[in-house]
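2 protein chains.
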Amino acid sequence: MGEANVQVNRQVVLTRLPEDRLTVDHFAVREAPMPAVGDGQVLCRTVLLSIDAANRAWMQGATYRDPITGGQVMAGFALAEVVESKAPGFAPGDVVEADAGWQEFSVHPARGLAKVAVRAPLTHHLSVLGVTGLTAYFGLLRVGQPRPGETVLVSAAAGATGNVVGQLAKRAGCRVVGVAGSPDKCAFLTESLGFDAAVSHRDENFRAALKAACPDGVDVYFDNTGGPVLEAALWRMNMHGRIVCCGVVSQYDTNAPAAGPRGVPGLLVTKRIRMEGFIVMDFFADRAAAEDDIAAAVAGGTLQAVEDVIDGLAGAPAALVGLLAGDNLGKRMVRVGPDPAGV
Amino acid sequence: MGEANVQVNRQVVLTRLPEDRLTVDHFAVREAPMPAVGDGQVLCRTVLLSIDAANRAWMQGATYRDPITGGQVMAGFALAEVVESKAPGFAPGDVVEADAGWQEFSVHPARGLAKVAVRAPLTHHLSVLGVTGLTAYFGLLRVGQPRPGETVLVSAAAGATGNVVGQLAKRAGCRVVGVAGSPDKCAFLTESLGFDAAVSHRDENFRAALKAACPDGVDVYFDNTGGPVLEAALWRMNMHGRIVCCGVVSQYDTNAPAAGPRGVPGLLVTKRIRMEGFIVMDFFADRAAAEDDIAAAVAGGTLQAVEDVIDGLAGAPAALVGLLAGDNLGKRMVRVGPDPAGV
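As you go down the protein sequences, you meet chains E and Z in turn.
Mapped onto numbering that gives the first Met the number 0, the consecutive letters of the first sequence carry residue numbers 0 to 342.
Mapped onto numbering that gives the first Met the number 0, the consecutive letters of the second sequence carry residue numbers 0 to 342.
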């Protein structure tokens, strides 16, 4: 009957919302029919799936996007190749950013896609040149506003965003201290990425080690974690310090987030601290210039792309669960299919 | 022997630091000899003693000033009259701001005093025209940056700073909502000061009442309290809202401050909130212009001085203990002696 040739769309479904910690048992792989392409729509083939702590946060409720629910294809950001287009402005072979979800194929209205002007290995467009790198770039420079000679502290420093924050802060002439989850990660930060110091938050003397690593206090703290690391950082802040609130990975993998850090708002008053949250999209009007600057840093050798690529869509659940446990080094992504020809 | 004519200096001493709540039993009145005036020094007679929640915070440890310890004259800010001067620039009859402490007479180096150009009843120079009013003024306008039509929420709204914040926010064209500690205070805010709404944080349906009072959310929250009111306010903040951290009165009268508010830093990220602490002295370069603006508001009838004056130095301990319990309406002060002649 020729059915052996009917193409299917492999998908990873979030079968139910986690009540506490997320595990691979919350996911299932299924095969669905290929989606139909309507007028004004574009069919995309997923190439690289971005694995982000935010994926777990979306399961907690409304954030800057709609919450995700059980029984649906897991939501996720991806780089994809246009396979078929019934929309002006997109043609087969184009590389696009899409809210593709954890599946091989997806259909989008044209307004849901952004074309990528490929200028580097495609993985870079998810790491340093992608949303991750731009988050580090705008958060550090626009929100944190570091000045040369100041001390910049960053948590989840071996993670996707944190490692870029630290490298950009070094480039800006700052003393850079990272907080990471293991001695190996700390060694990587100081030996391979040029951090001035790194401290493991799992060290039983973490607070003392942090103090020793920041002899002049902290002027800018780029917070990816919230929780105990944020609380410890608050006590190290200098007068008129700035805390860049980027993410709260310590509180994502639970349905019962802990109380907030002691020192808020008391220390904010006595030390005149500014604490400010941001979302990278708020700065996208300046995206092209930022990408140029980041590309220059990569070309000049002051910014390395630290990437952690896992092969195969079926590995996405384990990739996310592991990321929430701190397994990744740099930007974690899942390769779902080959790069488009010519990229 | 003529000793009946020897002038003494009545003082209120903090006999020991409180371990939990402050009571009047932590204080004692004593008589000390008049202090000697050395070269470069000025002898002052206390006229009005400022009673501030910060007085209790100073007992918790270092803030923006040295901590106070047991067995010494209680620290406090005052308006005073110069009685004798051995320093250039000060003459008997001058009115000065001084860190005088809870006593009738004090001696200061000239650099510890600021001369007051009296332009209103002296009590106004502790309320609307004093540090209290300036704290409201700079905190609201410089840190909060309210725009006409926005909603401004203020806690401890019937207190010294809060009532001025609300009145200045109305003057700036904002919708103003106050949080206070009793239905009477709430009625005062809406009926006498022009607040658009007021909610008691002791109302068992406080969160629902706050939500109802802020149908368009909150753009600027001026936080005098921290604690549960701050936590409730966080959930009402609008995108790109600003939280002005002025004080933490909910956490002063204890040696075991509570954990921080839930929602920090998570809500700061998703709502792009800026939370910023300040100390009024940081803005004193612009103090004269601010005083002119405040005086114009008073003259124009858009700003009332709400004052709570208690008579006699011996009443200072009860005045402070009562203020920490929320007894005061407006700026609480203790009259220690008569206004200087000619003021």
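Glycine included, every Cβ here is placed at the ideal spot set by N, Cα and C.
Can you confirm whether residue i, when its beta carbon is compared against all beta carbons of chain Z, has any partner nearer than 8 Å?
i, result
"residue 283 of chain E", "no"
"residue 220 of chain E", "no"
"residue 245 of chain E", "yes"
"residue 269 of chain E", "yes"
"residue 260 of chain E", "yes"
"residue 144 of chain E", "no"
"residue 274 of chain E", "yes"
"residue 278 of chain E", "yes"
"residue 256 of chain E", "yes"
"residue 229 of chain E", "yes"
"residue 131 of chain E", "no"
"residue 253 of chain E", "no"
"residue 62 of chain E", "yes"
Measuring only between beta-carbons, confirm whether residue i sits less than 8 Å from chain E.
i, result
"residue 135 of chain Z", "no"
"residue 128 of chain Z", "no"
"residue 28 of chain Z", "no"
"residue 265 of chain Z", "yes"
"residue 161 of chain Z", "no"
"residue 104 of chain Z", "no"
"residue 250 of chain Z", "yes"
"residue 225 of chain Z", "yes"
"residue 22 of chain Z", "no"
Are there 16 or more other CB atoms within 10 angstroms of the CB of residue i, so buried, or fewer, so exposed?
i, result
"residue 310 of chain Z", "exposed"
"residue 131 of chain Z", "buried"
"residue 208 of chain Z", "buried"
"residue 339 of chain E", "buried"
"residue 168 of chain E", "buried"
"residue 307 of chain Z", "buried"
"residue 172 of chain Z", "exposed"
"residue 200 of chain Z", "buried"
"residue 347 of chain Z", "Given a span of 0 to 342 for chain Z in the structure shown, any question on residue 347 of chain Z remains unanswerable."
"residue 71 of chain E", "exposed"
"residue 290 of chain E", "buried"
"residue 118 of chain Z", "exposed"
"residue 285 of chain Z", "exposed"
"residue 252 of chain E", "buried"
"residue 191 of chain Z", "exposed"
"residue 146 of chain Z", "exposed"
"residue 30 of chain Z", "exposed"
"residue 103 of chain Z", "buried"
"residue 18 of chain Z", "exposed"
Going by the beta-carbon positions, is the gap between residue i and residue j smaller than 8 Å?
i, j, result
"residue 166 of chain Z", "residue 302 of chain Z", "yes"
"residue 163 of chain Z", "residue 197 of chain Z", "no"
"residue 221 of chain Z", "residue 305 of chain Z", "no"
"residue 124 of chain Z", "residue 78 of chain Z", "yes"
"residue 11 of chain Z", "residue 316 of chain Z", "yes"
"residue 217 of chain E", "residue 236 of chain E", "yes"
"residue 16 of chain Z", "residue 69 of chain Z", "yes"
"residue 137 of chain E", "residue 279 of chain E", "yes"
"residue 55 of chain E", "residue 13 of chain E", "no"
"residue 126 of chain E", "residue 159 of chain E", "yes"
"residue 276 of chain Z", "residue 242 of chain E", "no"
"residue 97 of chain E", "residue 105 of chain E", "yes"
"residue 323 of chain E", "residue 135 of chain E", "no"
"residue 86 of chain Z", "residue 41 of chain Z", "yes"
"residue 328 of chain Z", "residue 194 of chain Z", "no"
"residue 206 of chain E", "residue 231 of chain E", "yes"
"residue 154 of chain Z", "residue 223 of chain Z", "yes"
"residue 228 of chain Z", "residue 149 of chain Z", "no"
"residue 121 of chain Z", "residue 94 of chain Z", "yes"
Would you say the beta carbon of residue i comes nearer than 7 Å to a heavy atom of the ligand NAD?
i, result
"residue 89 of chain Z", "Of the ligands one can find in the structure shown there are none, so the ligand NAD has no counterpart to examine."
Start-end ranges of the alpha helix (DSSP H) lying completely within the stretch 180–230 of chain E, minimum 4 residues: Qualifying alpha helix (DSSP H) stretches, in chain order: 182–191, 205–212.
Completely contained beta strand (DSSP E) runs for the stretch 3–74 of chain Z, where each covers 3 or more residues: Counting only runs of 3 or more, we get 7–13, 26–32, 40–49.
Contact between the stretch 79–93 of chain Z and the stretch 18–27 of chain Z (3+ Cβ pairs under 8 Å): Counting Cβ pairs under 8 Å, fewer than three are found: no touch.
Three or more C-beta pairs below 8 Å linking the stretch 102–112 of chain E and the stretch 53–66 of chain E: No: fewer than three Cβ pairs fall under 8 Å.
Segment contact flag, the stretch 262–275 of chain E with the stretch 239–255 of chain Z, C-beta cutoff 8 Å, min 3 pairs: Touching, yes, given that three or more Cβ pairs across the two stretches are closer than 8 Å.
Three CB pairs or more closer than 8 Å across the stretch 43–53 of chain E and the stretch 322–332 of chain E: Yes, the stretch 43–53 of chain E is in contact with the stretch 322–332 of chain E.
Every unbroken beta strand (DSSP E) inside the stretch 250–310 of chain E [3 residues or more]: Complete beta strand (DSSP E) runs here, min 3: 273–276, 306–310.
Inside the stretch 152–183 of chain Z only - alpha helix (DSSP H) runs reaching at least 4 residues: Complete alpha helix (DSSP H) runs here, min 4: 159–170.
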